[in-house]
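Chemist: Numbering (this note's numbering), first residue to last: 130 to 439.
Just so it is clear, CB atoms sit at the ideal spot from N, CA and C, and this is done for glycine as well.
Here the structure is a predicted model, which is why all the values come from computation and not from measurement.
1) Taking Cβ to Cβ, would you say residue 173 is nearer than 7 Å to residue 249?
2) Going by other Cβ atoms of all chains shown within 10 Å of its Cβ, with 16 needed for buried, is residue 330 buried or exposed?
3) Keeping to the same chain, check which residues put their C-beta closer than 8 Å to that of residue 193; ignore five residues upstream and five downstream.
4) Considering only residues of the same chain and omitting the five flanking positions on each side of residue 209, which have a CB-CB separation below 7 Å?
5) Taking the alpha carbon of residue 175 as the point to measure from, which residue in 187, 186, 130, 135 has its own alpha carbon closest?
6) Suppose you measure from the CA of residue 310 to the CA of residue 338; what does that come to, to the nearest Å?
7) Could you check what DSSP says for residue 171 in three-state terms: helix, strand or coil?
8) What would DSSP say about residue 342, mapped onto helix, strand or coil?
9) For the beta strand (DSSP E) holding residue 300, just list the boundary residues, first then last.
10) Residues in the same chain with beta-carbon distance under 6 Å from residue 264, minus the five sequence neighbours each way, listed in chain order, please.
11) With residue 332 and residue 312 assumed to form a contact (beta carbons below 8 Å), what rounded beta-carbon distance in angstroms separates them?
12) Kindly indicate which three-state DSSP category residue 356 falls into: helix, strand or coil?
13) For residue 304, tell me which candidate among 315, 261, 320 has the shortest Cα-Cα distance.
14) With 16 as the cutoff for other CB atoms within 10 Å, does residue 401 come out buried or exposed?
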């Protein structure tokens with residue numbers, strides 16, 4: 130399974146904050162926005178990840194994350210010269226995907242909830258052709274809306290319908306087989322000049338190959354693409370961290386507990402940032418004895434076969 134983070138776009142909804150920087154590099158409370166979607170892919174066990182962004186912004190992402198080796202994963206980069214729709218990501222990443230399945234997440238989407246990691250891994254394990262994630266909203270007419278049966282097989286999917294057939298919006302997290310490349314290649318541009326992800330999903334739906342994984346009560350899904358939603362996301366993360374004492378989307382913590390980096394490497398990363406709360410958090414983790422009970426307590430259960438660090 131390959132992973133893609135789509136972090137391009139012009140960021141006009143966040144102007145003037147994004148006039149000189151990509152929105153996915155803006156802070157959501159205490160860490161860059163890109164950390165949040167990357168953490169989801171890492172928690173799912175994905176280690177081969179591509180970040181797609183604009184030519185001018187890719188060097189900044191590379192400076193921040195490098196080739197991923199510091200996190201025990203592999204990160205590659207691809208340019209998207211102009212924002213031409215989500216499905217274009219599969220065309221740009223064709224060589225990267227090859228014949229593998231692929232999970233794509235939008236760079237401004239945040240997911241949080243008890244048991245989300247288990248739910249996401251189950252969806253990856255059960256995935257056959259195409260899977261979208263549905264989240265109940267009070268204003269579904271603003272979103273792509275998915276209708277489904279009792280087995281969570283999709284019956285219909287519509288973009289911003291006047292009369293929604295359900296209250297479940299399609300989030301910015303998608304799992305596809307490698308045929309997404311061929312289907313995306315055959316799509317036509319919409320009136321707004323983009324390839325539409327809803328049209329790609331409909332290609333799978335026509336073949337009865339589109340499933341939905343529902344995110345029920347207790348889960349939070351946020352799109353930090355406006356000033357208000359960015360503020361709300363930051364406030365949400367701050368409140369969770371202040372109350373629980375755990376950091377949300379701490380990449381080094383995830384890499385350590387997934388068995389990707391050693392305790393010594395985690396300690397070195399903490400020392401490099403020891404004047405910050407983030408660095409002190411890493412040092413605190415590195416000073417603890419790695420136990421299964423601690424990992425379970427924060428709902429980040431490791432996958433079978435991982436070797437514990439000393």
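Modeler: On the basis of the data shown:
1) Start at 1 with the first residue of the chain shown, and residue 173 comes out as number 44. Start at 1 with the first residue of the chain shown, and residue 249 comes out as number 120. Residue 173 is a Cβ neighbour of residue 249, given a cutoff of 7 Å.
2) Here residue 330 refers to the residue found at position 201 when the chain shown is read from its first residue. By the Cβ neighbour-count rule, residue 330 is buried, with 16 or more other Cβ atoms within 10 Å of its own.
3) Residue mapping note: residue 193 aligns to position 64 of the chain shown, counting from 1. For residue 193, where only same-chain residues beyond five positions count, the Cβ hits under 8 Å are 154, 161, 163.
4) For this step, residue 209 is matched to residue 80 along the chain shown. Hits under 7 Å: 137, 181, 182, 183, 217, 221.
5) Stepping through the chain shown from its first residue, residue 175 is reached at position 46. The shortest C-alpha separation from residue 175 is found at 130.
6) Indexing the chain shown from 1 puts residue 310 at position 181. Indexing the chain shown from 1 puts residue 338 at position 209. Rounded to whole angstroms, residue 310 to residue 338 spans 15 Å at the Cα level.
7) For the purposes of this step, residue 171 is identified with residue 42 of the chain shown, where counting begins at 1. Of the three classes helix, strand and coil, the one that applies to residue 171 here is helix, per DSSP.
8) The residue given as residue 342 occupies position 213 in the chain shown. DSSP places residue 342 in strand when its eight states are reduced to three.
9) On the chain shown, position 171 is the one that residue 300 refers to. Following the DSSP letters along the chain, one finds residue 300 inside the beta strand (DSSP E) bounded by residues 297-305.
10) Here the question's residue 264 lines up with position 135 in the chain shown. 298, 300, 344, 350, listed in sequence order.
11) The residue you call residue 332 lines up with position 203 of the chain shown. The residue you call residue 312 lines up with position 183 of the chain shown. The pair is a contact, with the Cβ atoms about 4 Å apart (cut-off 8 Å).
12) For the purposes of this step, residue 356 is taken as the residue at position 227 of the chain shown. Three-state DSSP puts residue 356 in a helix.
13) Reading the chain shown from its first residue, position 175 is the one you call residue 304. It is 261.
14) Against the chain shown, residue 401 aligns to sequence position 272. Residue 401 is exposed by the Cβ-count criterion.
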